[in-house]
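Some notes on the structure that comes next.
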Amino acid sequence: MLGRDLVAALEREGEEVLGRTHRELDLTDEAAVRAALHDCRPDVVVNCAAWTAVDDAEAHENEALGVNGHGAAHLAAACAAGPAGPVRLVHMSTDYVFAGDASRPYAEHDAVGPRTAYGRTKLAGEQAVLRLLPRSGYVVRTAWLYGAHGPNFVSTMIRLERERPAVDVVTDQRGQPTWTADVAGQIIALVRSRGVAGAGETAGIYHATSSGEATWFDLAREVFRLLGADPARVRATTSSAFPRPAPRPGYSVLGHDGWASAGIEPIGDWRLALRRALPGLLPADDPRSCTPPVQVGLTGYGR
Ligand SMILES: NC(=O)c1ccc[n+]([C@@H]2O[C@H](COP(=O)([O-])OP(=O)(O)OC[C@H]3O[C@@H](n4cnc5c(N)ncnc54)[C@H](OP(=O)(O)O)[C@@H]3O)[C@@H](O)[C@H]2O)c1
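Using my numbering, the first residue of the sequence shown is number 22, and each one after it goes up by one.
Following this line, the structure appears as structure tokens:
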């Protein structure tokens, strides 16, 4: 979902970009990762690949670790061995590295404490990238993603609004709904940034989520409202109505102070982003459906 929007955004920005699907490059194959880096000789690598099935990871933690932990380490090691010096690696991570029980936004360097197998494996990936690439590794944590190219909560709500008279949505999980195109914009701004003083010291941890916060219930109601449907058709419930193998965080809001060190503005309010994104998420037979006029890549600069 994120990878496809990022490749499209980079192409629109006139960058030379080589997207690699799972079939073309398996991150768990260390030799293949090394060979891909050797053949492409990239200036920057962005890792959007991951085992993202949060519930399945509970019963398959080792396989998830193979992609999210060891795969990230293979990529970081190959970047570290770049013939002209370490290649910059932007590695995508998640709010699930935190415990998710805070009462204020998590800062970039707050203590981690994953409560799920997925979170533990993603944390292993972060740690490998920061250890192997101390001056050219970027860990970009995001959360609650929606976009045009993958299953996600917003697309599900758009479908359910058509199919059902009412939907029940939880009010006891709080986070930041985030559009993949906005994350792509932050990544592009980050790799172009030379830092506030132009010193180029921008490696480290960043939080690429929308500003503001919402529950899934708030998000569903906003989708219905934007569709012109009655938001009261979204009814409040709690997580106990939807038991899942992996516990979901109650409070998973990320702080955005890290962007200032790179001279980049954080992503704006989640409601504004949703309004811009929605036309691109509607089914093709909806007369309101269109590709949103977004200038990705400029979002981080002087917005
Ligand atoms: N979605 C969210 O709400 C969310 C929240 C927080 C963080 N993130 C992070 O953001 C990043 C992008 O998420 P997303 O939602 O765009 O993910 P996604 O749509 O699930 O895409 C993940 C991609 O990784 C590929 N992949 C899986 N195993 C691989 C392997 N061994 N080698 C190479 N590719 C492999 C998958 O291919 P196949 O499908 O063919 O296996 C898929 O194309 C990930 O790092 C994720 O952890 C996402």
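Every residue gets a Cβ at the ideal spot worked out from N, C-alpha and C, and that includes glycine. All values reported here derive from a predicted model rather than from experimental measurement.
- Between the beta-carbon of W200 and that of A235 there is about 13 Å, and that puts the pair past the 8 Å contact cut.
- The Cβ-Cβ distance between T163 and S114 falls below 9 Å.
- Between the beta-carbon of Y227 and that of W280 there is about 6 Å, and that keeps the pair under the 8 Å contact cut.
- In the DSSP secondary-structure assignment, Y127 is bridged to L275.
- Taking non-hydrogen atoms of ligand 1 into account, the C-beta of H170 is found less than 8 Å away from one of them.
- The straight-line gap separating the alpha-carbon atoms of A253 and V244 is approximately 12 Å.
- Three or more beta-carbon pairs separated by less than 8 Å link the segment 259–278 to the segment 187–195, which places the two stretches in contact.
- The straight-line gap separating the alpha-carbon atoms of S157 and A123 is approximately 30 Å.
- Setting aside the 5 residues that flank it on each side, C69 is surrounded in the same chain by L23, G24, L27 and M113, each with a C-beta closer than 8 Å to its C-beta; the list follows chain order.
- The beta carbon of T223 lies closer than 8 Å to those of Y159, L211, S214, R215, G216, S282 and A283 in the same chain, with the five residues before and after it left out.
- In the three-state reduction of the DSSP assignment, M113 falls in the strand class, which pools E and B.
- Bounds of the beta strand (DSSP E) holding T258 are V255 to T258.
- Every unbroken stretch of the alpha helix (DSSP H) spanning 4 or more residues and falling wholly within the segment 180–227 is given here in chain order: 201–213.
- Linking A120 to E79 through their CA atoms gives a straight-line distance of about 16 Å.
- Placement of the Cβ of Y159 at a distance of 8 Å or more from every heavy atom of ligand 1 is found.
- Annotation: V111 to A93 spans about 10 Å, alpha carbon to alpha carbon.
- When secondary structure is reduced to three states using DSSP, G284 falls in the coil class, being assigned neither helix nor strand.
- Shown here for A257: same chain residues with a beta carbon closer than 6 Å to its own, the five before and five after excluded, namely T192 and F238 in chain order.
- Taking every protein chain shown into account, the CB of L144 has 16 or more other CB atoms within 10 angstroms, so this residue is buried.
- Put simply, of E32, H81 and G106 the residue whose alpha carbon is nearest the alpha carbon of L58 is G106.
- Taking each of L275, A262, V66 and Q207 in turn and checking the Cα distance to L48, the smallest one comes out for V66.
- V118 is the residue among T142, A138 and V118 whose C-alpha sits nearest the C-alpha of A132.
- Partner residues in the beta bridge of L166, as assigned by DSSP, are T199.
- Taking the Cα positions, V190 is about 27 Å away from H277.
- Secondary structure at A235: strand, using DSSP grouped into helix, strand and coil.
- Not one heavy atom of ligand 1 is found less than 8 Å from the C-beta of N83.
- The three-state secondary structure of V66, taken from DSSP, is strand.
- The beta-bridge partner set that DSSP reports for D122 consists of Y272.
- One thing to note: A169 has its Cβ no nearer than 9 Å to the Cβ of L31.
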